Amino acid sequence: MTNRANQIAGAAQAAPAKSRRRGRGFDRQAAIVALLFAAPAFIMYAAFVLVPLGMSVFYSLQRWDGIGKMRFVGLNNYLIVLTDSDLLQVIGNAFLLAAWFTLIPVVLGLAVAAAIREHLGGPFGTVTRTILFLPQVIPLVAAGIAWSWMFANSGVVNQTLRGIGLEALARGWLGDFTFALPAVGIIGAWVLLGLCTMLLVTGITKIDPSLYEAARLDGAGAWDEFLYITLPGLRQELGVCVTVTVIAALASFDIVYIATGGGPGIQTTVPGLEIYRLAFAHRQVGLASALAIFLMVLVLVCVLPIQWLTRVRR
Amino acid sequence: MKLRHLNAAGLAVLTAAALTGTAMAAPTCGADPVVMNAYFETGFPLPSKLAEEFTRQFPNVTFDIKEDQFANMMENSPRILSEDNAPDLIRLPSMSDLVANELLANLDGYFTDFGWDKFPPSQLIQLRVEEGGRPRGAGSLWAMGLNYSMTGVFYNKELAAKIGMTEAPKTLAELDALMQKAKDAGIVPIMQFNKGTGGLAFPLQDLMGSYGPPEPINDWIFQKDGATINTEANVKAAEHLENWVKSGYFAADTNAIEYFQMMSRFTGGEGLFMFNGDWESGNLDKNFAGKFGFFLMPPVEAGGRHAAMSAPLTFGIGAKAANKDCAAFFLDWVATNEQARKINVEVGGSNPGGPADLPIPAVTPGSVTEATLAAGNVVATENGAMDFIANATGAIFAAGWTPELQKLVGGVQTGKGLIEAVQAEYEKELSR
């Protein structure tokens, strides 16, 4: 009996140990399988993001023309980025552009989403969504060229102004020191409006209609509904919109390159364009890399608080 | 033993050359099939036309031509020249960086072989660079010009007649007066581009040539020690340009006009004058015969020296190119072959250069090309050629002249401030 009891007790003790051994082996196997699944994506990510990022950091510490010998200069390139008045203006331009790229699409997108909320299922909602989303499927270069024509001396903007007797206001918008940056901002806003509207319209469908019904029963007006139901309900979508548009502005290149080339002066030059020029036209690969790293940090500094502010707290 | 054999062989060749009384044979393309790897600029048909004619005359030589925009060439040429299969012939936007990085073939040997010493030395001076990339204007020869272009003032004959302009102005004051007359008549006096790249650099450099001698400007462009663009004459020139802006002589949207828009609007009849180069002469003669004329920028005082931006259409040979000899033979052929010179003038509209004793091919009397070629002779006689101020450093056009000229047009920069800002940028770039 005692032996039998001991055997049972021994078996009982051995079973979990055996199970643990089998469990550890299974875990290891599962981990290897998981790693194998992740490996292709990780290899691509490493090849196209991590390695170039590491190389950019390395180049940013060198003085190099892209062909000849490199010379280590420590943090000197970063010092230039932070002290050169032209580069500081270029960074400032990106923030001004961010205001145009973000405010107009988000505000208009919200207005449109709130306005068509009740007609989303009908043909009006479908047509509106399609029209507003169209700019999103047009290549940025094509948008830049088309808007350059519209803003030109004989373009539709000046034609309209002349047509309504405001000839004194007609000008070469993209070459004007005061209006070039707002003009570029309008192009970007036009492109991004579709994306924001689509996101916000999709978000608005998730809000429980009974909330609006209850609010109306309590005597709430359209503005109150928007302020207390729509806006809080779209918190996450707004976060995505602001994040995407801020990044589009800070890292913009195509629209600016096509529409103004950064001019007049450096009035519309943005970091993305300056990085390209420094690296390929001025052959200052080190300084260009330092500005690129600085831009990356800048984007993170701007985007992370937006993400934190707009996340849904549970 | 081997050394003695070699010495003996060399002596035999030298003796044979001495006995026949000729120089050793210059390189050729030989008789075997050759495919020339060529990298040309998009939008300018001249090099391709010359290549076609070359293949017609030398059927064993064909061309594999790749074309790219000038701005892309500025960015890509070092990378392309550093590859193993470097171009045999390449349009060079600038040379200093390429020489510094040993990417171009040194042409000194060909200079001797082909007798390029018969070319006027001033023709090749811009193509010489010291080892290390600076200064330019001296040292070894690293490139040749397919032709030699020059800037001046094109004018619309119909609009000129409207304001009573019967002959080219002889002084700067006369030119100013014509501009004022045009403005009073509701005609845009100057159609000029200034978007993307600073097209006002053309009138500015012409004004610099009116106010002062070209030598200090060339010294600055060639990066000679102590050279500065901030001279009294150049400041006066920039202030004169500022006055043109303030007087409303340029189109109101000049900062929004690109090169091709300028050409379209000028040839469409908008604007009395356009500051541009003779590379447009062929185009104007072919498509707008009899409608446009050309004159050199007049000096401040009547009878004064004429000066103009005059630069070669620079072509080099890659240091790693496979067919260097054939490429050099092509460059010599372009400057000396009768048919090539004819194509050069008809298609390119510029002076074909070459030995001083070779005649310039005949052109249509009264054409723009005739006027620009004649103007080229005046500049050569008066030794008034200047390289383009945008060529001083690799980035001075993009980082200095263009933004500052745009600011001048926008009314946020003065003539004096422009010159000072460009000099500061120049010093910053040379200090790197």
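Chains as they are written, first to last, in the numbering used here: chain A, 1 to 314; chain B, 1001 to 1432. Cβ coordinates follow ideal geometry from the N, Cα and C atoms, glycine included. Every value quoted in this text rests on a predicted model; they were computed, and no experiment measured them.
Burial check for Asp1325/B: the Cβ neighbour count within 10 Å reaches 16 or more, so the residue is buried. Around the CB of Arg1056/B, fewer than 16 other CB atoms lie within 10 Å, so the residue is classed as exposed. Taking Trp147/A as the centre and dropping the five residues before and after it, the same chain places the C-beta of Ile187, Ala259 closer than 7 Å to its C-beta, in chain order. Listed in chain order, the non-local C-beta contacts of Leu1175/B below 7 Å within the same chain comprise Pro1169, Pro1298, local neighbours out to five positions each way being set aside.
Against chain A, the CB of Pro1078/B has a partner CB under 8 Å away; the residue lies at that interface. Residue Gly1132/B holds the alpha-carbon nearest to the alpha-carbon of Ala1100/B among Pro1355/B, Gly1132/B, Val1347/B.
Looking only at Gly1137/B, Gly1354/B, Thr1314/B, the smallest Cα-Cα distance to Ile1217/B is reached by Gly1137/B. The stretch 229-299 of chain A contains, as complete alpha helix (DSSP H) runs of 4+ residues, the segments 235-250, 254-259, 271-276 (chain order). For the 8 Å CB-CB criterion, Ile266/A and Val90/A form a contact.
A direct Cα-to-Cα measurement between Gly1411/B and Leu166/A gives close to 23 Å. For the pair of segments examined, the stretch 1402-1421 of chain B was found not to touch the stretch 1327-1341 of chain B: the number of CB pairs separated by less than 8 Å stays below three.
Legend: CB atoms of the stretch 265-278 of chain A lying less than 7 Å from CB atoms of chain B belong to residues Gly265, Ile266, Arg277.
Using a Cβ distance threshold of 8 Å, Phe95/A and Gly185/A do not count as a contacting pair. Under the three-state reduction of DSSP output, Leu1092/B falls in the coil class, being neither helix nor strand.
Residues are counted here when their Cβ sits less than 7 Å from a Cβ of chain B; for the stretch 203-229 of chain A the count is zero. Membership of Ser148/A in the alpha helix (DSSP H) is indicated by the continuous run 140-151. Between the C-alpha atoms of Lys206/A and Pro182/A there is a straight-line separation of about 35 Å. Along the stretch 1358-1382 of chain B, the alpha helix (DSSP H) occurs as fully enclosed runs of 4 or more residues at 1368-1381, listed in sequence order.
The DSSP-derived three-state label of Ala1143/B is strand.
Non-local beta-carbon contacts of Val299/A in its own chain, meaning distances under 7 Å to residues more than five positions away in sequence, involve Ile247, Leu250, Ala251 in chain order. At least 8 Å separates the beta-carbon of Gly272/A from that of Phe294/A.
Contact between Ala1238/B and Gly1384/B is absent: CB atoms are separated by about 19 Å, not below the 8 Å threshold.
Along the stretch 1381-1416 of chain B, the alpha helix (DSSP H) occurs as fully enclosed runs of 4 or more residues at 1402-1410, listed in sequence order. For Met1191/B, the three-state secondary structure derived from DSSP is coil.
Counting along the chain, Glu1242/B sits inside the alpha helix (DSSP H) bounded by residues 1232-1246. Interface annotation, Gly66/A: in contact with chain B, CB-CB separation under 8 Å.
Neighbours of Phe177/A in chain B, taken as residues whose beta carbon is under 7 Å from its own, are Gly1410, Val1412 in chain order. The residues Ser1149, Gly1348, Gly1349, Ser1350, in chain order, have a CB closer than 7 Å to that of Trp1279/B in the same chain once the five nearest residues on each side in sequence are set aside. Residues of the stretch 145-172 of chain A that bring their beta carbon within less than 8 Å of a beta carbon in chain B comprise Phe151, Ala152, Asn153, Arg171, Gly172, in sequence order. Using a Cβ-Cβ distance cut-off of 8 Å, the stretch 1038-1057 of chain B and the stretch 1100-1118 of chain B are not in contact, since fewer than three pairs of beta carbons, one from each stretch, lie closer than that value. Sequence-ordered contacts of the stretch 1060-1086 of chain B with chain A read Met1074, Glu1075, Pro1078, Ser1082 [C-beta pairs closer than 7 Å].
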